[in-house]
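S.K.: Sequences listed follow chains A, B, C and D, in order. Under the working numbering, the letters of the first sequence match residues 61 to 393, in that order. Under the working numbering, the letters of the second sequence match residues 61 to 393, in that order. Under the working numbering, the letters of the third sequence match residues 191 to 393, in that order. Under the working numbering, the letters of the fourth sequence match residues 191 to 393, in that order. By construction, the Cβ of each residue, glycine as well, lies at the ideal position given by its N, Cα and C atoms. These figures come from a predicted structure and were not determined experimentally.
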Amino acid sequence: MPTQKLINDGNAAVDEMLAGILAAHPDHLFRPADAPRAIVARHGPRPGKVALVIGGGSGHEPTFLGFVGKGLADAAAIGNVFASPPPQPAVDAALAAQGGAGVLFMYGNYAGDVMNFDMASELLEMEGVEARTVLTTDDIASHTDRAKRRGVAGNVFIFKAAGAAADLMLPLDEVERIARHANARTCTMGVALSSCSLPQTRRPSFDLPVGEMEIGMGIHGEPGVRRGPLRPADEVVDEIMDALLAEMGAARGDRVAVLVNSLGATPLMELYILNARVAQRLDQAGLGVHRTLVGPYCTSLDMAGASITLMHLDDELTRLIDHPCDCAMFRHG
Amino acid sequence: MPTQKLINDGNAAVDEMLAGILAAHPDHLFRPADAPRAIVARHGPRPGKVALVIGGGSGHEPTFLGFVGKGLADAAAIGNVFASPPPQPAVDAALAAQGGAGVLFMYGNYAGDVMNFDMASELLEMEGVEARTVLTTDDIASHTDRAKRRGVAGNVFIFKAAGAAADLMLPLDEVERIARHANARTCTMGVALSSCSLPQTRRPSFDLPVGEMEIGMGIHGEPGVRRGPLRPADEVVDEIMDALLAEMGAARGDRVAVLVNSLGATPLMELYILNARVAQRLDQAGLGVHRTLVGPYCTSLDMAGASITLMHLDDELTRLIDHPCDCAMFRHG
Amino acid sequence: MEFTTDDLKALFHRLAARMAAERDALCALDGLVGDGDHGIAMEQGMVAADAAVAGADGSLQDLFNAGAKGFLNAVGASSGPLYATAFLRAGKVAGPRPAMPRDDLRQIIAAMRDGVAQRGKAAPGMKTMLDAWHPAAEAALGGAAPDAITAAARDGAEATRTMVAAIGRSERLGARSLGHLDPGAVSAAMVIEDICRALRGQG
Amino acid sequence: MEFTTDDLKALFHRLAARMAAERDALCALDGLVGDGDHGIAMEQGMVAADAAVAGADGSLQDLFNAGAKGFLNAVGASSGPLYATAFLRAGKVAGPRPAMPRDDLRQIIAAMRDGVAQRGKAAPGMKTMLDAWHPAAEAALGGAAPDAITAAARDGAEATRTMVAAIGRSERLGARSLGHLDPGAVSAAMVIEDICRALRGQG
Ligand SMILES: Nc1ncnc2c1ncn2[C@@H]1O[C@H](COP(=O)(O)OP(=O)(O)O)[C@@H](O)[C@H]1O
Ligand SMILES: Nc1ncnc2c1ncn2[C@@H]1O[C@H](COP(=O)(O)OP(=O)(O)O)[C@@H](O)[C@H]1O
Ligand SMILES: [Mg+2]
Ligand SMILES: [Mg+2]
Ligand SMILES: [Mg+2]
Ligand SMILES: [Mg+2]
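1. Taking 9 Å as the threshold (C-beta atoms), are V320/B and A366/B in contact?
2. Against chain A, does G117/B count as a neighbour if the rule is that its beta carbon must be under 9 Å from one of theirs?
3. May I have the straight-line CA-CA distance separating D75/B from S269/D, to the nearest angstrom?
4. Anything in chain B within Cβ reach of I81/A, meaning under 7 Å, just list it in chain order.
5. Look up N321/B in the DSSP assignment and give the residues it is bridged to.
6. Just tell me which of E361/C, G358/C, G248/C and K311/C has its CA closest to the CA of G281/C.
7. When you compare only the Cα positions, how much space is there between V113/B and V163/B?
8. Does any CB atom of chain C fall closer than 9 Å to the CB of R210/B?
9. Please classify M191/C as buried or exposed, where buried requires at least 16 other C-beta atoms within 10 Å of its C-beta.
10. Below 8 Å on the Cβ atoms is my contact criterion, and I expect W323/D with A378/D to pass it. Report the Cβ-Cβ distance as a whole number of Å.
11. Can you confirm whether G315/D, when its beta carbon is compared against all beta carbons of chain A, has any partner nearer than 9 Å?
12. Could you name the residues of chain D that Q148/A contacts, counting a contact when the two beta carbons are closer than 7 Å?
13. Can you say whether P271/C is buried or exposed, counting buried as having 16 or more other CB atoms within 10 angstroms of its CB?
14. Verify the CB distance criterion: does Y170/B have a CB-CB separation below 9 Å to chain C?
15. Starting from Y167/B, trace the beta strand (DSSP E) in both directions and tell me its first and last residue.
16. Rounded to a whole number of angstroms, what is the C-alpha to C-alpha distance between E212/D and L250/D?
17. For A274/D, which residues in the same chain have their Cβ closer than 6 Å to its Cβ, ignoring the five residues on either side in sequence?
18. As a quick exercise: from A161/A, R312/A and S265/A, pick the residue whose alpha carbon is nearest that of G346/A.
19. Taking DSSP as the reference, what is the three-state secondary structure of P325/D?
20. What are the residues of the stretch 198 to 221 of chain C that lie near chain B, defined by any Cβ-Cβ distance shorter than 7 Å?
21. State the DSSP-derived secondary structure class of K311/D, mapped to helix, strand or coil.
22. Is there a Cβ from chain C that is less than 9 Å from the Cβ of A143/B?
23. Per the contact definition of three or more C-beta pairs closer than 8 Å, is the stretch 77 to 86 of chain B in contact with the stretch 284 to 291 of chain A?
24. Note down, in chain order, every chain D residue with its Cβ under 9 Å from the Cβ of Q260/A.
25. Would you say T369/A reaches chain B, if we count a Cβ-Cβ gap shorter than 9 Å as a contact?
26. Any C-beta of chain A sitting closer than 9 Å to the C-beta of A267/D?
27. Tell me the start and end of each unbroken beta strand (DSSP E) in the stretch 82 to 164 of chain B that is at least 3 residues and wholly inside, in chain order.
28. Looking at M166/B: is its Cβ nearer than 9 Å to the Cβ of T196/B?
29. Applying a beta-carbon distance threshold of less than 7 Å, which residues of chain E neighbour V316/A?
30. Within the continuous beta strand (DSSP E) that includes G250/B, where are the two ends?
31. Any beta carbon of chain C sitting closer than 9 Å to that of E282/B?
32. Considering only residues of the same chain and omitting the five flanking positions on each side of R351/B, which have a CB-CB separation below 6 Å?
33. Specify whether the stretch 134 to 148 of chain A and the stretch 302 to 309 of chain D touch according to this definition: at least 3 beta carbon pairs, one from each stretch, less than 8 Å apart.
34. I'd like to know if the stretch 345 to 363 of chain C and the stretch 197 to 209 of chain D are in contact, where contact means that at least 3 CB-CB pairs between them fall below 8 Å.
35. Is F127/B near ligand 3, in the sense that its beta carbon is under 8 Å from a heavy atom of that ligand?
36. Just list the beta strand (DSSP E) runs in the stretch 232 to 301 of chain B, keeping only unbroken ones of 3 residues or longer that don't cross its boundaries, in chain order.
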């Protein structure tokens, strides 16, 4: 029996979703003519401004296109479900958003995305547009080597910092430096409680029996670091926070931004229960909380589970995180 | 095997959730001393202003407490999961929020809520505080008689209109009139794709086999009007929109506000697919869309499914819907 | 053998244990016609009432009042105001006495029925807990034996199967409520059964 | 009997049908080590390539180029750039000819291997589709019979079971990737099998 979804033809899901998004948010977003998979901010792109172009597979909403708007990303390239967009949408998005000061591509570190966006960069170069790339690599469960890690929910903070830098009209070198800096100080780890299922197959992508959880699972259902019996929320948070705090190496008195993220099917009540423990742990560690986001920010279709992200703030990142942004699915300030 | 949830003791879920909410949103919300189940807006309540106090059972987050903030509700009374709060939290919330111009209680029309809030009103009267009540009754699937209908996701628009009226310092009579008017022009209908499960039982509250859907199901899992095979999204939307449009009786050229709401486990991709069809249907009906909200606004724990709400706007409601508000989980303007 | 405050404390203690034991079954019944939480409300309510009563001093009325407040503040929901009002009415009947004749438990049952009816504004036949409380109260006032009162409550609860809900959460079901028991009536019959044990002098 | 543009169109058509038939099996393999969508990518890619090639005119190279573009734009993902580059390289070998000796399909297989290797920056043994393409290309260049080339690809795919992924989505699995097939290698062996049918003169 196919999994329970409110969709029509699974192959049309992404395009129908985009139609629904454009219908809901005409004041924020538009789609350039002849670029069906590029979504551009109505306000934001402007002459002399570095264009921040993000993108990746669909199924992570509000990541990526929900973060397109003034003060954050200028445009997004939209892929099929869990599939990097091909080069063309990235080129379309970049050309629609660029203001003569160069383009910064930012996306999660996945082999497919790297190949496609690299091809896009080559194509842009042929058009005389300079494009740089900063990969997000915040998923500490995915590799010991930071450079090989996946990019997951921390995207929202990392994109936000880079988007604020671009909105402040900083030059490409600076926006790139800030993006790398933001990424280096952002750590995420998640836990899955159920499989997602793709709209095209409507079957669980993997098998996670009831009663079990998978710590460190990726946002496409990539296997994580450990599978075991589902534990009470506080113990799950403790396992994740131990790892995040060890990785982050913050000093007492430092400040962080927190994101408690739903992987799709986990509702707010559970996220806030997690956050109660996150706040306790940060307090015990002597860390101050500058801002907390709670909700579905980077999902994995209908997967049940959650992730916790910490961004280790400094003065520069605090200023950028506080900078206003106005996106269809995310607003601040 | 208990259902998959990130919680600790099920009986502690509501209080732990509140702790997580207060930790996440200290700038927006506080809890008065000795009132563990009352949540009050930091900004908003002020002398001479009608206090809008909302409330109901937990498990619908961000309804109710996510809508507490400047420009919307001044306070919320928090019940156990799917259980009206007792009178005391409502009294606590009202006393903390009231500014000498009276209190308007607004909540969904459920027998338990009516009994408890009525008791709260009697207690407030003894304290010399005038309290009136407007019940929300937007769920058109729940009864043919409007006055007997349940209040569901349309709450967000109805509360918003009343909250804007109160924020504009209108007197109690006017705020009450506007609340009734907003309720009368708001219609919702939903569809469930899976059962929710209570944190205390961690068992499906009812049986909805894979492959089936229930049209008109309530946000506590109350049975709906019709159960049948799960249909493609467009057909589900058409069934709901036919009912909403017939009920609303709008004329071509009229304008509406739209809410496509997740019941908890249904992710944004599916909601936007629904909205694509909603927008088509409104266009065919000659109705203009003034604003569209898409996301989890009124949930039913971990239930899969969605609801569609239309508010039939007039000039007054349009102004009130456009009025800014700044809540922990909902911002506008 | 009179019914003392100690007996009343024991009765609340038994009700708490009973509702804890029946919690999941009552939730399952409520899942069919309501929101699936009736067993939780009854357990939390009676456990809180038990704790409040156990910690209270004073007359029978004082204890009933403490139980009412404990139940209400722990629960809310529909059951909270209904049982709180029922206990307050029972307290009025019991009055400021340290003990009362066991036979006064008949008036207690009737007073609880009155409290439920007044608070809920329901009438018998609407498929609510009143459909257990009402026949039990009539039987109690008519001098029926404790077992017959219990049976009247149970039959009343059983009869809700044939009723279409006309009030409360399941009202909107219309004919779909037919064939299902009302969970509040089922739990009421259990409460009444335990009161009747006390009336019999067994607790 | 030469390999003509019609033969190439037929080959793409067969690949599209094959991937559609294998879609769910490939997704299931990808679910174990990746994100569960490899069958979708291969089906969408080959169906789009088939449509593009069917609608294109010109030389073998023109058709390969059309297929590359069709595949890439329909898919993205990892498979998109890898197969697009493979087809572009194949087109270069085929050149602006309307037909070529069937034996040139050996160079086509090798060129596709080169394209995958160049785009993916992977080496054999990293548990990727290259582990099917590489032994097949070596066998093809070494003059092996079509069946032996097919077998080399299949054995290469099978051998990914014993490899620990060193690149791509499953790299982060570490030892947990052991025992599982690489889905891209399995689909590559199918593609190679169909090319070898053409080499054999059967399609
Ligand atoms: N107005 C009423 N009068 C009498 N009993 C009522 C009324 N409304 C509801 N009930 C009873 O309450 C029961 C449900 O209680 P409970 O599940 O605890 O509350 P809720 O409906 O708020 O979830 C019903 O089964 C019914 O017996
Ligand atoms: N760098 C690479 N070089 C060669 N093949 C690769 C590389 N990265 C991934 N692959 C192949 O791609 C396959 C996955 O393809 P697919 O599922 O379509 O893309 P995605 O990983 O983006 O979901 C893997 O099984 C592997 O064979
Ligand atoms: Mg993929
Ligand atoms: Mg309830
Ligand atoms: Mg109930
Ligand atoms: Mg894949």
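M.R.: Once the coordinates are examined:
1. Within the second sequence, the letter at position 306 stands for residue 366/B. Within the second sequence, the letter at position 260 stands for residue 320/B. Yes, they are a contact pair.
2. Translated into positions along the second sequence, residue 117/B becomes position 57. Not closer than 9 Å to any Cβ of chain A, the Cβ of G117/B fails to qualify, so no.
3. Here the question's residue 75/B lines up with position 15 in the second sequence. Here the question's residue 269/D lines up with position 79 in the fourth sequence. One C-alpha to the other measures close to 48 Å.
4. In the first sequence, counting from the first residue as 1, residue 81/A sits at position 21. At a beta-carbon threshold of 7 Å, the residues of chain B lying near I81/A are Y332, ordered along the chain.
5. By one-based count along the second sequence, residue 321/B stands at place 261. The partner list for N321/B (beta bridge, DSSP) reads G355/B and S367/B.
6. By one-based count along the third sequence, residue 281/C stands at place 91. The candidate whose alpha carbon is nearest that of G281/C is G248/C.
7. Your numbering for residue 113/B matches position 53 in the second sequence. Your numbering for residue 163/B matches position 103 in the second sequence. Each residue's alpha carbon lies about 7 Å from the other.
8. On the second sequence, position 150 is the one that residue 210/B refers to. Yes, R210/B counts as interfacial toward chain C.
9. In the third sequence, counting from the first residue as 1, residue 191/C sits at position 1. Exposed is the call here.
10. On the fourth sequence, residue 323/D is found 133 positions in, with the first residue counted as 1. On the fourth sequence, residue 378/D is found 188 positions in, with the first residue counted as 1. Confirmed, about 5 Å.
11. By 1-based counting over the fourth sequence, the position of residue 315/D is 125. Not one chain A Cβ lies under 9 Å of G315/D.
12. Looking up residue 148/A in the first sequence gives position 88. Residues of chain D passing the Cβ test: N263.
13. Against the third sequence, residue 271/C aligns to sequence position 81. Burial call: buried.
14. Within the second sequence, the letter at position 110 stands for residue 170/B. At least one chain C Cβ lies under 9 Å of Y170/B.
15. Residue mapping note: residue 167/B aligns to position 107 of the second sequence, counting from 1. Y167/B -> beta strand (DSSP E) spans V163 to G168.
16. As a position in the fourth sequence, residue 212/D is number 22, starting the count at 1. As a position in the fourth sequence, residue 250/D is number 60, starting the count at 1. Spanning the two alpha carbons is a distance of roughly 27 Å.
17. Walking along the fourth sequence from the start, residue 274/D turns up at place 84. Excluding sequence neighbours, A274/D sits near A258, F261 and L262.
18. As a working note, residue 346/A is residue 286 in the first sequence. When only C-alpha atoms are compared, the closest one is R312/A.
19. Residue mapping note: residue 325/D aligns to position 135 of the fourth sequence, counting from 1. Correct three-state label for P325/D: helix.
20. Of all residues in the stretch 198 to 221 of chain C, only D214, C217 and G221 place a beta-carbon less than 7 Å from a beta-carbon of chain B.
21. The residue you call residue 311/D lines up with position 121 of the fourth sequence. It is coil, neither helix nor strand.
22. On the second sequence, position 83 is the one that residue 143/B refers to. Judged by the 9 Å Cβ criterion, A143/B is in contact with chain C.
23. no
24. By 1-based counting over the first sequence, the position of residue 260/A is 200. What Q260/A touches in chain D: R213, C217, D227, G229, I230, E233 and Q234.
25. Position 309 of the first sequence, counting from 1, holds the residue named residue 369/A. Not closer than 9 Å to any Cβ of chain B, the Cβ of T369/A fails to qualify, so no.
26. By 1-based counting over the fourth sequence, the position of residue 267/D is 77. Yes - at least one Cβ of chain A is within 9 Å of the one on A267/D.
27. 98 to 101, 111 to 118 and 135 to 141
28. As a position in the second sequence, residue 166/B is number 106, starting the count at 1. As a position in the second sequence, residue 196/B is number 136, starting the count at 1. Contact: yes.
29. Structure shown: chain E not included; protein chains present are A, B, C and D.
30. Sequence index remark: in the second sequence, residue 250/B carries index 190 (1-based). That run of the beta strand (DSSP E) goes T246 to A252.
31. Translated into the one-based positions of the second sequence, residue 282/B becomes position 222. Chain C, which has a Cβ nearer than 9 Å to the Cβ of E282/B, makes this yes.
32. The residue you call residue 351/B lines up with position 291 of the second sequence. Cβ within range, chain order: A317.
33. No, the stretch 134 to 148 of chain A is not in contact with the stretch 302 to 309 of chain D.
34. no
35. The sequence position of residue 127/B within the second sequence is 67, counting from 1. It does not: the Cβ of F127/B is nowhere closer than 8 Å to a heavy atom of ligand 3.
36. 246 to 252, 272 to 275 and 286 to 289
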